[in-house]
Structure formats: C-alpha cells, structure tokens
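End of the sequence shown sits at 176 in the working numbering; the numbers just go up one at a time, nothing left out.
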Amino acid sequence: MRPFLQEDAESMYAYWISDPLVQEDYGEPAYRSIAEVNALLEKWMASYERADFYRWAIVLKDSGDCIGQIAFCSVDTAHRYADLEYCIDAASQNQGYAAEALEAVIHYTFTHTGIHRLQAFHRGRNASSGRVLRKSSMKYEGTLRQSFYYADSGEYDDRIYYGITKGEYSGDLHR
Numbered sequence: 002m003r004p005f006l007q008e009d010a011e012s013m014y015a016y017w018i019s020d021p022l023v024q025e026d027y028g029e030p031a032y033r034s035i036a037e038v039n040a041l042l043e044k045w046m047a048s049y050e051r052a053d054f055y056r057w058a059i060v061l062k063d064s065g066d067c068i069g070q071i072a073f074c075s076v077d078t079a080h081r082y083a084d085l086e087y088c089i090d091a092a093s094q095n096q097g098y099a100a101e102a103l104e105a106v107i108h109y110t111f112t113h114t115g116i117h118r119l120q121a122f123h124r125g126r127n128a129s130s131g132r133v134l135r136k137s138s139m140k141y142e143g144t145l146r147q148s149f150y151y152a153d154s155g156e157y158d159d160r161i162y163y164g165i166t167k168g169e170y171s172g173d174l175h176r
C-alpha cells in the first residue's frame, strides 16, 4: 500500500475503476475514460494535504499495478472514529489482498493517528467483502436490516457492521 500517484491511472482503469460490477459493490459508478480517472487522482492527491484524508492504493509488489484501494470514507474528528471502505479488482478478490490491506490500515490507524475507533460495513449481497471483514481483527457489531437501497433495481439490502477500538487492538500486524 502507498499513497496514490498520477501514474496509477492506467492500471486503475485496467483493473477495477472501469469495472461496473466492482464499482457497484463499492458503491461508486464505473469510470468511462482515463481522463476521468486522471481528474479523480488529481483531486485525491491534492487532498493528501488535509489532516482528515486517508486513502491508499493497493498495489502488486511485482508489477506496481494498482489493483484496488482502501480509505477512510469519513472521519469524525470530534468523536475520533473513522469509517473504512475498500475495493479490489475482480480477479484479485479472494486472494487475501484486501484482508492484508485492512489489517495494515488498522495497525497504522492505532499506531500513527489519534483515531480511537474504526468501523466498516458490507452489504448483505457482497459476500467477498463480508469474508474480508470476518477475517480481520474487527468484531461483528450488528446488522441494520434492509437499510441499503439500490435505486437502479428498487431492492433493499442489509448493512452488516464490524468495528474495532484502539483498546481492543492487539498491535500485532501479523496475527
């Protein structure tokens, strides 16, 4: 993992950000051009100067290709907690990349920031994301039944929540 670079645009587009299914599970629209991805990267890179902006590229060690991302989608500085989000390309799912990235972010958060609590949810139909959260050091906290609405299909889905506090974290990155 590392901060995003402008050079990530091509691999982001090739691996995940243009894939409608990956982006739908992530809750974002698919990007239709490299120009759109470049504009997004410019925005993200400018945001790294903010104290409440945390977003990392998930890259393959061998090639340096960006196969996904992990980020705090929101930070509540008053109450010292953050909501996590992540996505990874379809071919790289179920290989441990997202789980490894999640544990690294948990470790970083509790050793380098003042954040006291991390939380994340997955939608009921996103089984891959559920496996990532279950494998992590986060704990299941509950299900908000039928609380997510898919406007395109008119269907509802559950939000299944996990969380961890600084006091619960063991500090072992390789647990």
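Think of the CB as a built atom: it goes at the ideal place given N, C-alpha and C, for glycine as much as any other residue. This structure is a prediction, so every number in the text was calculated from the model and none was measured.
Taking a contact as a CB-CB distance under 8 angstroms, the pair R3 and V76 does not count as one, their CB atoms being some 20 angstroms apart. Annotation: I107 to S64 spans about 25 angstroms, alpha carbon to alpha carbon. Proximity of the stretch 164–173 to the stretch 140–151 meets the contact definition, three or more beta-carbon pairs being nearer than 8 angstroms.
Rounded to the nearest whole angstrom, the C-alpha separation of S19 and Q70 is 14 angstroms.
With contacts defined by Cβ atoms closer than 8 angstroms, C88 and M13 do not form a contacting pair. If you ignore the 5 residues before and after Q94, its C-beta comes within less than 7 angstroms of the C-beta of S129, all in its own chain and listed in chain order.
In the three-state scheme derived from DSSP, where H, G and I count as helix and E and B as strand, Q94 is classed as coil. Scanning D53, Y98, A72 and W57 for the CA closest to the CA of R81 turns up D53. Secondary structure of F5 (DSSP, three-state): coil.
According to DSSP, residue pairing for V60 in a beta bridge involves C67. Cα atoms of G28 and W45: separation of roughly 18 angstroms, rounded to the nearest angstrom.
Here I89 carries a strand assignment [DSSP, helix/strand/coil]. Around the Cβ of Y32, a 10 Å sphere holds 16 or more other Cβ atoms; the residue is buried. With 16 or more other Cβ atoms inside 10 Å of its own Cβ, L42 counts as buried. Looking only at F111, A100 and Y98, the smallest Cα-Cα distance to A83 is reached by F111. Of the residues P30, Q7 and E25, the one whose Cα lies closest to the Cα of A58 is Q7. The DSSP-derived three-state label of T114 is coil. Per DSSP, K140 is one residue of the beta strand (DSSP E) stretching across K140 to Y151. By DSSP's assignment, S75 forms a beta bridge with D84.
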